[in-house]
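Engineer:
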Amino acid sequence: EPRAFARYLTPMRRKRWVVYAKPPFAGPEAVLAYLSRYTHRVAISSRRITAFDGSAVTFRVKDY
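Everything in the sequence shown is counted per our numbering, starting at 5 for the first residue and increasing by one.
Here you go:
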């Protein structure tokens, strides 16, 4: 039910979020190696990747 879900999310949209993220221990290469293991999975298959500009990846998703 899209409207019920939207009502559920409303209080969370109004909240100020604090994001805490640490740099990866082994550096960006390790992060890329970790994510690259998932390129042939359903979520990020190679045919869904539409662009890469050296710093960002663009890919299509299915909205069920």
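C-beta: ideal position from N, C-alpha, C; glycine also. All values derive from a computational prediction rather than experimental measurement.
To the nearest angstrom, how far is it from the Cα of Gly-31 to the Cα of Val-23?
Structural biologist: 20 Å
Engineer: Excluding the 5 residues flanking Val-35 on each side, which residues of the same chain have their C-beta closer than 6 Å to its C-beta?
Structural biologist: Pro-28
Engineer: Give me the Cα-Cα distance between Arg-20 and Arg-11, rounded to the nearest whole angstrom.
Structural biologist: 17 Å
Engineer: Going by beta-carbon coordinates alone, are Val-61 and Ile-53 separated by less than 8 Å?
Structural biologist: yes
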